[in-house]
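Take the sequence shown: its position 214, counted from the start at 1, is 1158 in the numbering used here, and no numbers get skipped.
The beta-carbon is built from N, C-alpha and C at its ideal position, and this holds for glycine as well.
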Amino acid sequence: MGIPSALLADPDFNERPIRLSIHGVREMNPGLFRKLKRTRDRDEAARIFEDYMDVLFGLDDEQRLGSGPDGRRRYRASYRRLLEGWAFDSNGPEGAVLKGWVESRFGLFPTYHKRPIERFSSPAWVSYVEEKMASRFHNNAIQMQLDLLYEFAQWSLDRAAGRGERHRILYRGVEGFEENEILERYEKGRALVLLNNLVSFTADRRVAEQFGGWILTARVPSAKILFFRELLPHHALRSEEEHLVIGGAFRVEIGRP
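Below is the structure:
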């Protein structure tokens, strides 16, 4: 990234963000971004991206992979499978891999995975590391797949905003604050909250209201968005207008549904 992780975690970054890019990703995939530049609309761009990923990582074969000679079903890791796993349970193995990618690329450690992670030697940390390093998720350059997904998301957000507005107002429904630690309270329901290194938000407040008795409203910089509803036409996160947001300390409004 080229900037300190402490800056990324600071709430001031969210107020005055700078564009982020994972070193070498666009340079190593120039053909993809040349094609994207020539696309007419979001749907065409999504098709170009998915076709490129299918060819580069053999993802077009993943649905056809049957059982091997030993009778065991073959598994090919893909960003699609990680998104599906996250939609089912963000604290599952796929969630650990996604949080591990944020840790690797942005230097932000998770604060929660199934339970609070309070120190590196804790059982919670050990469990997280075991899940994120599971070999079945790392047989198909999964980190590179996520790098490309992030860069495509950033390219799409830049194009949609015309390089103008760099924030989205998003909502997160929570039952309590075990996973979302309140660092400081301000007046009028505002607070400084430490979010996990990767969290789900939604663009629809009504959806957030279904997930908890408290609603966090945040002004999220585009640079911290890994995935959003409109990015691809078919995915597991579409129905809830879900956004995957890279965490850190955020100034938010806390309210009731």
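Where leucine 1136 is concerned, the enclosing beta strand (DSSP E) starts and stops at 1134 to 1146. Proximity of the region 1067 to 1076 to the region 1118 to 1138 falls short of the contact definition, fewer than three beta-carbon pairs being nearer than 8 Å. DSSP places tyrosine 1130 outside both helix and strand once states are collapsed to three, so it counts as coil. Within the DSSP bridge table, the entry for threonine 1161 names Tyr1115, Glu1197 as partners. Closest in C-alpha terms to aspartate 954, from the list Phe1172, Val1137, Ser1183, comes Val1137. Alanine 989 and leucine 1160 have their C-alpha atoms roughly 32 Å apart. Counting along the chain, the unbroken beta strand (DSSP E) around leucine 1170 starts and ends at 1169 to 1171. Non-local beta-carbon contacts of glutamate 1028 in its own chain, meaning distances under 7 Å to residues more than five positions away in sequence, involve Ala1180 in chain order. With respect to the C-alpha of aspartate 1091, the residue from Phe1194, Leu1042, Asn958 having the closest C-alpha is Leu1042.
In the structure shown, arginine 1059 adopts extended strand secondary structure according to DSSP, grouped into three states. Using a C-beta cut-off of 8 Å, the region 1150 to 1164 makes no contact with the region 1073 to 1082, since fewer than three inter-stretch Cβ pairs fall below that distance. When the five nearest sequence neighbours on each side are left out, the beta carbons in the same chain lying within less than 7 Å of the beta carbon of alanine 1078 are those of Pro1037, in order along the chain. The three-state reading of DSSP puts leucine 1042 in helix, counting H, G and I together. The three-state reading of DSSP puts leucine 952 in helix, counting H, G and I together. Close CB contacts of arginine 963 within its chain, under the 7 Å cut and outside five residues either way in sequence, are with Ala1167 (chain order). In the three-state scheme derived from DSSP, where H, G and I count as helix and E and B as strand, glycine 975 is classed as helix. Taken through DSSP and simplified to helix, strand or coil, leucine 1188 comes out as strand. Contact between glycine 1191 and leucine 1139 holds: their C-beta atoms lie close to 4 Å from each other, under 8 Å.
In the three-state scheme derived from DSSP, where H, G and I count as helix and E and B as strand, glutamate 1109 is classed as coil.
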